Ligand SMILES: Cc1ncc(C[n+]2csc(CCOP(=O)(O)OP(=O)(O)O)c2C)c(N)n1
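Put into structure tokens, the structure is as follows:
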């Protein structure tokens, strides 16, 4: 990999960023920019499409092309960008509320289409931006500002969802593993088709303190304990119920992506018309 | 040599007009009475080197055409009432981010699923005010198949020139109507492409908040870096929430259209000279109005018709001028609430207004207008 710092892609004159002390977003941002550097991406060939939320504000800190869209809809905008110019590397940056709660429908269909996008979903188990309400990834029983008596709903396993819907690449890491996040982003960007990277992250102002984790350090400790590679995870009985999560590359496939299927269709249409493919 | 006339449907002509204007990306979700536009695009765009995508809903369709336009490809979508409602939030992104896109909404009867899919002209206010925020855009309403084609070309031209979304809003009657039409030869109609940046890469700003200005728009993938955002932003496309900046930003969104109102506003006049009775109408109501006016003139009455082609920004000056010479102004329209009549009254406060509404899904006939003449 070589040493990277990603600085060439960071907008420094606007710092400090708007995120709370201890927030995981900075770690994910750093990993992403280092991945750009490791892959030697040129600024103008990258488009980062972000949704609305704390993580969605990331467009303010990067110097590649950016499109800051609407809450839940970043994937739709990114789909248009990629379809119009397949040479672009298009990333989708969304929180868990953005990416899978309000945006769940687009997530399913982007994975099903196997659109060649790389989505980095920062999962902090709640809506950070709006004051810590529960999202579709808040585990049952957890306390948020709209589940004071404990969440009556169940959480999604979003990685399972994306795999089932047809995405080519699915991975999960926690913010306690910055170098691995970078590696996953590089892998996701390098694999054609829909790539989905879930980063388990700390909301140190809302979700953590609401659930007995008073400091960022407490949250980090918990991630180190509970986020495990599959071999270790499988050795724990009732791991899911105990709040453990599998990390690493969870799924890889080489199904043709949307645009290559589209080109095949274009050829069939042309042939049917008697023209050249 | 004159081009061969063909019997073409309004919706089909819209798709052909879009291709003529250079549109090469369409994303949409099927809904009657607009689906023919999608079907023509699905059939023709691949052969034109473009792409058609059927998205999971109209929210995604609107997002996709904005993304594609920012990647440098002229893009559009087509829908009707329920779908147009779903597009509103992302349509706001095109306004705030100054992204050229064309949205076709073939007006059908509501509210909600309503009298699917009978004609109506009840979304005139939604065109202008359908989304939140202090915003402005352009909306054009064709009344003939020729106008379906030519106003779609015009819609792309205006959207490229002013970096604003432009809506084309025929009612169902016009969308589904067939007329003889010979589409223009390539080169016959003007085609406008958005201005591209020149100069140093580091100097490029995707926005210009000078009064009435429109910044060049770099495509994603060009050597220039572009930051486009739905949030309040400075000229560089990064967040800037200072009151000074916000004031300039909002005013420029309006001023770029206001300052070019003469280029944007279109009306058509039929027999306005010396008329004492003026009929102001849009879309298919124009056809009924012209038939009623013709019949009345044969009876010796002085009746003229003003067609509102650009619904928004509303042709206030043109309506005021025409109304000032008439004793009576008749507004036939396909809604109960008087959406067009309200604007006519605002533009011409002294006018003696007579309304001829129709809102039962039958559309307006010349007889409906003759009845109030
Ligand atoms: C259509 C719409 N509904 C609601 C909101 C308000 N809103 C802004 S951000 C957000 C949730 C953010 O949570 P998440 O996506 O998990 O990202 P985080 O802030 O935690 O990074 C909500 C509900 C909005 N901007 N738009």
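Residue numbers (my numbering), protein chains in the order written: chain A, 7 to 283; chain B, 10 to 382.
For glycine and all other residues, C-beta sits at the position ideal for the given N, C-alpha and C.
Everything numeric in this text was worked out from a predicted model, so none of it was measured.
Nearest residue (CA-CA) to residue 362 of chain B, options B:356, B:56, B:380 and B:338: B:338
Beta carbon proximity, residue 120 of chain A to chain B, threshold 8 Å: no
Short CB-CB distance (under 8 Å) between residue 88 of chain B and chain A: no
Contact check, residue 129 of chain B vs residue 121 of chain B, beta carbons under 8 Å: no
Against chain A: residues of the segment 233-265 of chain B by CB proximity under 8 Å: 233, 234, 235, 236, 237, 238, 239, 240, 246, 247 and 248
Extent of the continuous alpha helix (DSSP H) to which residue 166 of chain A belongs: 164-171
Close beta carbons around residue 204 of chain B, own chain, < 6 Å, minus the five adjacent residues each side: 225
Among B:175, B:151 and B:304, the one whose alpha carbon lies nearest that of residue 376 of chain B: B:304
Proximity test, Cβ basis, 8 Å: residue 177 of chain A and chain B: no
8 Å Cβ cutoff, residue 60 of chain B in contact with chain A: yes
Interface flag, residue 82 of chain B vs chain A, CB-CB below 8 Å: yes
Residues near residue 2 of chain A in its chain [Cβ-Cβ closer than 6 Å; skip 5 each side]: No answer is possible for residue 2 of chain A: it lies beyond the span of chain A, which begins at 7 and ends at 283.
Bridge-paired residues (DSSP) for residue 190 of chain B: B:15
Residues from the segment 68-81 of chain B in contact with chain A, defined by Cβ distance under 9 Å: 68, 69, 70, 71, 72, 73, 74, 75, 76, 77, 78, 79, 80 and 81
Own chain residues within Cβ distance below 8 Å of residue 217 of chain B, not counting five before or after: 223, 224, 244 and 261
Chain B contact for residue 66 of chain A (CB, 8 Å cutoff): yes
Where residue 117 of chain B sits in the DSSP three-state scheme: strand
DSSP-derived helix/strand/coil call for residue 17 of chain A: coil
Beta-carbon proximity of residue 76 of chain A to residue 99 of chain B, cut-off 8 Å: yes
Where residue 2 of chain A falls, given that 16 or more other Cβ within 10 Å makes a residue buried: Within the shown structure, residues of chain A are numbered from 7 to 283, placing residue 2 of chain A beyond reach of any answer.
Residue-chain proximity (residue 283 of chain A, chain B), Cβ-Cβ < 8 Å: Note that residue 283 of chain A has pLDDT 45, beneath the 50 cutoff, so the model's placement of it is unreliable and the number below is only indicative. Cβ-Cβ to chain B under 8 Å: no for residue 283 of chain A.
Assumed close pair residue 352 of chain B, residue 286 of chain B - CB separation to whole angstroms, cut-off 8 Å: Not really, about 19 Å apart at Cβ, beyond 8 Å.
Integer Cβ distance of residue 125 of chain B from residue 41 of chain B, believed to fall under 8 Å: 7 Å
beta-carbon residue 133 of chain A near ligand 1 non-hydrogen atom, thresh 7 Å: yes
Closest residue to residue 281 of chain B among B:271, B:334, B:265 and B:326 (Cα-Cα distance): B:334
Residue 55 of chain B at chain A interface by Cβ criterion, 8 Å: yes
CB contact flag (residue 14 of chain B, residue 187 of chain B, <8 Å): no
Touch test, the segment 102-119 of chain A against the segment 196-211 of chain A, Cβ-Cβ under 8 Å, three pairs minimum: yes
Stretch pair the segment 165-179 of chain A + the segment 247-257 of chain A: three plus CB contacts closer than 8 Å: yes
Cβ neighbours of residue 283 of chain A in the same chain (closer than 7 Å, five flanking residues each side left out): Because the pLDDT of residue 283 of chain A is 45, which lies under 50, any placement of that residue in the model is unreliable, and the question is left without a value.
Contact under 8 Å by Cβ, residue 64 of chain A with residue 187 of chain A: no
C-beta neighbour in chain B for residue 97 of chain A, strict 8 Å: no
Residue-level contact to chain B via CB, residue 140 of chain A, 8 Å cutoff: no
Rounded separation between residue 221 of chain B and residue 212 of chain B - CA only: 20 Å
N-terminal and C-terminal residue of the beta strand (DSSP E) that residue 313 of chain B is part of: 312-317
Residue-chain proximity (residue 268 of chain A, chain B), Cβ-Cβ < 8 Å: yes
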